[in-house]
Every structure is written in C-alpha cells, then in structure tokens.
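Oh and the sequence shown: position 15 is 15 in this note's numbering, straight run, nothing missing. Right, one structure below, let's go through it.
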Amino acid sequence: MPDKKRFLLRVDPRLYEVLERWAADEFRSVNAQIELILWEAARRAGRLGRGNTPAAPGSPVPSGASNQVAPQAQDPGPPAESEPRPKPRPKSG
1 MPDKKRFLLR VDPRLYEVLE RWAADEFRSV NAQIELILWE AARRAGRLGR GNTPAAPGSP
61 VPSGASNQVA PQAQDPGPPA ESEPRPKPRP KSG
C-alpha cells in the first residue's frame, strides 16, 4: 500500500457521529469514509488530474491508476421522482 499523508483533522462532534454512522453503514472505517468523500468531492469539482483516482471506492490509490471511476461510485443523477410529470389530459365527453 502506498504511503499516505497523515494530518490532524478537527471536526464538530456531531459531524463525527454522522461520519461514524455513515461509515458503519458502508462497512468502512471513519478514516476510509472521509477519504472516499474527499475523493468524490475532488472528482465532482474536476480537481483530479489523470491517474489520480482510486480503483474502487475506499481503496488505496494505486500508482499509475487510470482516471476511471468505479461504476458504483458514479453519480446516478437526480432520482426519477424529481423529473416533471406530464399534466393529465382533461376528460373528454
């Protein structure tokens, strides 16, 4: 596994509790969950250069990795319920 940069992160205790529950729901450590969230935010913001994306969510960044995002990590877009529904036609007769 490649070396990782260590740093101290201070967060609100309520936010940490949210992160703990979220990580537990996805069978990850809090650290891995935070790293995944940061990777996704950097990807969505267009901040990742070529070869700077982990192979799978929560996995370590391999050297020479491609810029492809694992299918399960791609943003699925808005849910179908948010799409406008066609207006019902008035009853004839």
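Note that the Cβ used here is the ideal one computed from N, Cα and C, for glycine as well. Since the model is a prediction, treat every value here as computed from it, not as a measurement.
Just to confirm the assignment, what range does the alpha helix (DSSP H) spanning residue 28 have?
Stepping through the sequence shown from its first residue, residue 28 is reached at position 28. Annotation for residue 28: no alpha helix (DSSP H) segment contains it, and DSSP assigns it neither H nor E.
Could you check if residue 23 is buried or exposed, using at least 16 other CB atoms within 10 Å of its CB as the buried criterion?
In the sequence shown, residue 23 corresponds to position 23, counting from 1. Buried, by the Cβ-count rule.
Nearest-angstrom beta carbon gap, residue 33 and residue 26 [assumed within contact, 8 Å]:
Within the sequence shown, numbered from 1, the residue matching residue 26 stands at position 26. Within the sequence shown, numbered from 1, the residue matching residue 33 stands at position 33. The Cβ separation is near 7 Å, so the contact holds.
Could you check if residue 36 is buried or exposed, using at least 16 other CB atoms within 10 Å of its CB as the buried criterion?
Walking along the sequence shown from the start, residue 36 turns up at place 36. That one is buried.
Reference residue 7, options 19, 31 and 18, closest by Cα
Within the sequence shown, numbered from 1, the residue matching residue 7 stands at position 7. That would be 31, whose Cα lies nearest to the Cα of residue 7.
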